[in-house]
Amino acid sequence: MIYLQKYDRGEGGFHLGREEQLIYSHLIVEGVQCRFFTEHDLSELTFKDADLVVGSIQAVRTALEKLGRSLPEPDYYPNILTDYLERKVWVTDRTGLTLCKWPVFVKPIEWKSFDGRVVSKSGDLSDIPAQELLYASDVVTFNAEYRVYVVNGEIVEVSRYDSSDNEVELDKRRVGVAVQLLKLDSNSPSSFAIDFGVTDDGRTLLVELNDGFSIGAYGNLKAKDYYDLLKSRWDEILS
Numbered sequence: 125m126i127y128l129q130k131y132d133r134g135e136g137g138f139h140l141g142r143e144e145q146l147i148y149s150h151l152i153v154e155g156v157q158c159r160f161f162t163e164h165d166l167s168e169l170t171f172k173d174a175d176l177v178v179g180s181i182q183a184v185r186t187a188l189e190k191l192g193r194s195l196p197e198p199d200y201y202p203n204i205l206t207d208y209l210e211r212k213v214w215v216t217d218r219t220g221l222t223l224c225k226w227p228v229f230v231k232p233i234e235w236k237s238f239d240g241r242v243v244s245k246s247g248d249l250s251d252i253p254a255q256e257l258l259y260a261s262d263v264v265t266f267n268a269e270y271r272v273y274v275v276n277g278e279i280v281e282v283s284r285y286d287s288s289d290n291e292v293e294l295d296k297r298r299v300g301v302a303v304q305l306l307k308l309d310s311n312s313p314s315s316f317a318i319d320f321g322v323t324d325d326g327r328t329l330l331v332e333l334n335d336g337f338s339i340g341a342y343g344n345l346k347a348k349d350y351y352d353l354l355k356s357r358w359d360e361i362l363s
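In structure tokens, the structure reads:
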């Protein structure tokens, strides 16, 4: 059974998110059964018959825990791709950040407890718990940002996701080498999306790697490819 999360849109109504709609369209074509659920259903569901759960990180976390598994630890900056960063990245906390030279880009080590952002003064940190561990990095300006979707070592889609309309080309050869390096790395997930940015001097750098268990679908990613990505990673986590 495929479980698809529906989200509260207020006034008692629920709707499928963009990603869930994409998976639903694939299931209809393939004649595969699915079951809808909401956040309020999570405490009651066992997910024992789940072949895949599509929804928020929290929903997937809950489903996996009920099946005796845990979410994998985030690995936004794989060691094997250190040369693709071309900037300093370190682990710190809010106190440590106050000793840094501003501005600094920060993001949580835990899954999406807040959105990554540039901070320029201590007041920008007020909403971050004092003891929460963070990734910090030098700020890099990207003229274009691309998401590369990878299923079992193969690139299935490259989508630009920044808001600029300038014509900036991604170094696809460099990206291809990065994907092959990850394919050879036993620590890499079977399926994932990896983000790259292009600097003003034309360098293609790693932004971050996103695990494939719950991930946004950008651009022209096909429904089948998106399904295969999520399903491959789900099966790997449960294996």
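All the letters of the sequence shown, read from the start, carry residue numbers 125 to 363 under my numbering. Glycine included, each C-beta is placed from N, C-alpha and C at the ideal position.
Rounded Cβ spacing between E256 and P232 (contact assumed at less than 8 angstroms): Walking along the sequence shown from the start, residue 256 turns up at place 132. Walking along the sequence shown from the start, residue 232 turns up at place 108. Their Cβ separation, rounded to whole angstroms, is 6 angstroms, which keeps E256 and P232 in contact under 8 angstroms.
What are the uninterrupted segments assigned as alpha helix (DSSP H) that are 4 or more residues long and contained completely in the region 171–239, given in chain order? 181–190, 218–221
Which residues in the same chain have their Cβ closer than 6 angstroms to the Cβ of T216, if we skip the five residues on either side of it in sequence? Indexing the sequence shown from 1 puts residue 216 at position 92. The residues are L258, A260.
Please name the residue or residues paired with Q129 in a DSSP beta bridge. Position 5 of the sequence shown, counted from the start, is the residue given in the question as residue 129. DSSP lists F161 as partners of Q129.
Element boundaries [alpha helix (DSSP H), containing Y342]: On the sequence shown, residue 342 is found 218 positions in, with the first residue counted as 1. Here Y342 belongs to no alpha helix (DSSP H), and DSSP marks it neither H nor E.
If you measure between the beta carbons of L294 and Y273, is that distance less than 8 angstroms? Locating residue 294 in the sequence shown gives position 170, where the first residue counts as 1. Locating residue 273 in the sequence shown gives position 149, where the first residue counts as 1. No, these two residues do not count as a Cβ contact at 8 angstroms.
At a cut of 8 angstroms, does the region 126–143 reach the region 168–185 through at least three beta carbon pairs? yes
Rounded to a whole number of angstroms, what is the C-alpha to C-alpha distance between I147 and V153? Taking the first residue of the sequence shown as position 1, residue 147 is located at position 23. Taking the first residue of the sequence shown as position 1, residue 153 is located at position 29. Taking the straight line from one Cα to the other gives about 10 angstroms.
By alpha-carbon positions, which one of I181, N203, S288, E210 ends up nearest to P196? As a first step, residue 196 must be located in the sequence shown, where it is residue number 72. Ranking the options by Cα distance to P196, first place goes to I181.
Contacting residues, own chain, Cβ-Cβ under 7 angstroms from R133 (five flanking each side not counted): Your numbering for residue 133 matches position 9 in the sequence shown. Closer than 7 angstroms at Cβ, skipping near neighbours: H139.
First through last residue of the alpha helix (DSSP H) which encompasses Y285: For this step, residue 285 is matched to residue 161 along the sequence shown. Premise fails: Y285 is in no alpha helix (DSSP H) and is neither H nor E.
Is D335 helix, strand or coil when you go by DSSP? Within the sequence shown, residue 335 is the residue found at index 211, counting from 1. In this structure, D335 counts as strand in the three-state DSSP scheme.
Can you tell me which of A268, S310, A347, L329 puts its alpha carbon nearest to the alpha carbon of R297? Counted from its first residue, the sequence shown places residue 297 at position 173. Closest by alpha carbon: L329.
Quick check: is the beta carbon of G277 nearer than 8 angstroms to any beta carbon in chain B? Looking for chain B here will not work: only one protein chain is present.
Going by alpha carbons, who is nearest to D324 out of V292, R357, N276? One-based indexing of the sequence shown puts residue 324 at position 200. Checked all of V292, R357, N276; the closest Cα to D324 is V292.
When DSSP labels each residue in this structure, what does G141 get in the three-state scheme? Locating residue 141 in the sequence shown gives position 17, where the first residue counts as 1. Residue state, collapsed to three classes: coil.
Any 3 or more C-beta pairs closer than 8 angstroms across the region 243–257 and the region 280–291: no
Measuring alpha carbon to alpha carbon, tell me which residue in Y342, D262, E189, A187 is nearest Q145. Translated into the one-based positions of the sequence shown, residue 145 becomes position 21. Cα-wise, what sits closest to Q145 is Y342.
Going by DSSP, which residues form a beta bridge with L151? Residue 151 sits at position 27 when you count from the first residue of the sequence shown. Paired residue(s): none; L151 is not in a bridge.
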